[in-house]
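Pasting the structure below:
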């Protein structure tokens with residue numbers, strides 16, 4: 612029987628660095644965050660990852676991804692991997708209705 616909740620592989624909160632506040636995260640490092648933990652960092656990464664993000668207002672997004680699909684993505688300079696294919700930061704902001712002036 613599978614557990615009701617997936618294992619937490621890594622988490623971080625309260626970004627302190629400019630890059631972390633802008634959404635750039637180096638998994639398992641905690642660099643740029645006040646709090647971080649990798650409780651299962653020594654375990655193998657599962658085939659599917661559920662990645663979630665919540666900003667200080669409580670608004671958030673999440674997606675399920677496969678590390679293999681990311682590593683095999685053909686990204687051009689300035690593009691980021693998304694589950695809907697490569698996108699630029701501007702395209703990602705537009706689809707998420709990001710507010711200007713934050």
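In our numbering, the protein residues as written are 612 to 713. Here a beta-carbon is modelled for each residue, glycine too, at the ideal position from N, C-alpha and C.
By the criterion of at least three beta-carbon pairs nearer than 8 Å, the region 617-625 is in contact with the region 637-644.
It is roughly 29 Å from the alpha-carbon of residue 648 to the alpha-carbon of residue 696.
In the assembly as shown, residue 631 is a buried residue. Its beta-carbon has 16 or more other beta-carbons within 10 Å. Rounded to the nearest whole angstrom, the CA to CA distance from residue 657 to residue 629 is 30 Å. Per DSSP, residue 623 is one residue of the beta strand (DSSP E) stretching across 622-626.
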